[in-house]
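Take 563 as the starting number for the sequence shown in the working numbering and just add one per residue.
A virtual CB, placed ideally from N, CA and C, is assigned to each residue, including glycine.
Remarks on the structure that follows.
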Amino acid sequence: MADTQTVKDTARAFYESYNRKDLDASFATYVSADLVNHVMGGAFDRAGWLAADKTLFPAFEDFTLAVLDQVAEGDKVATRYRLGGTHTGEFFGIAASGNTAFLTGTSVDRVVGGQIAEHWGDLDFTGFLQQLSTPTASA
């Protein structure tokens with residue numbers, strides 16, 4: 563049986579590593595090459611997840627990710643996090659708006675041998691994109 567503290571520590575280290583903005587190293591360390599990713603109906607494999615998340619840094623110069631809560635049982639850990647920043651570059655076809663936008667999400671990860679082997683996620687990506695394209699009160 564997995565040590566729940568180790569499972570939590572692995573997931574926390576992975577998510578907080580986004581603040582170093584070196585996802586190649588983060589994925590090499592924390593995400594299994596054989597990852598099963600259930601996000602978007604399994605449309606993203608490991609490489610797809612990595613590529614999609616790399617688009618965050620050019621679009622948000624002050625990007626941050628904070629782990630808000632974690633709960634673990636066995637080899638699975640649920641992590642609630644908040645990410646975002648100031649929209650300074652194009653993101654998903656939306657030109658830089660200067661808006662500050664944040665997204666709160668929850669992921670469930672199964673950790674095996676110190677790496678994320680399976681991943682599920684729930685987040686309001688549409689709401690996040692709306693924050694980027696909505697004019698600010700000062701505009």
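Check                                                                                                                                          : Outcome
Opposite K570 in the DSSP bridges: which residues?                                                                                             : Its beta-bridge partners do not exist; DSSP assigns none.
Figure out for me which residue from R608, L630 and G651 has the closest Cα to the Cα of E704.                                                 : Lying outside 563 to 701, the shown extent of the chain, residue 704 is not represented and no answer is given.
Would you mind sorting R672 into buried or exposed? The rule is 16 or more other CB atoms within 10 Å of its CB.                               : buried
Ignore the nearest five residues each way along the sequence and tell me which others in W682's own chain have a CB closer than 8 Å to its CB. : H600, V601, S669, V670 and D671
Report the start-end ranges of each beta strand (DSSP E) in the region 569-601 that is 3 residues or longer and not cut off at the edges.      : 593-599
Check each candidate in F606, T566 and W611 and name the one with the smallest Cα separation from S588.                                        : W611
Tell me, which residues are paired with D684 by DSSP?                                                                                          : T668
Looking only at DSSP bridge pairs, what is G647 linked to?                                                                                     : A663
The ligand GTP and A605: does the residue's C-beta get closer than 7 Å to at least one heavy atom of that ligand?                              : In the structure on display, the ligand GTP does not appear, and there are no ligands present to speak of.
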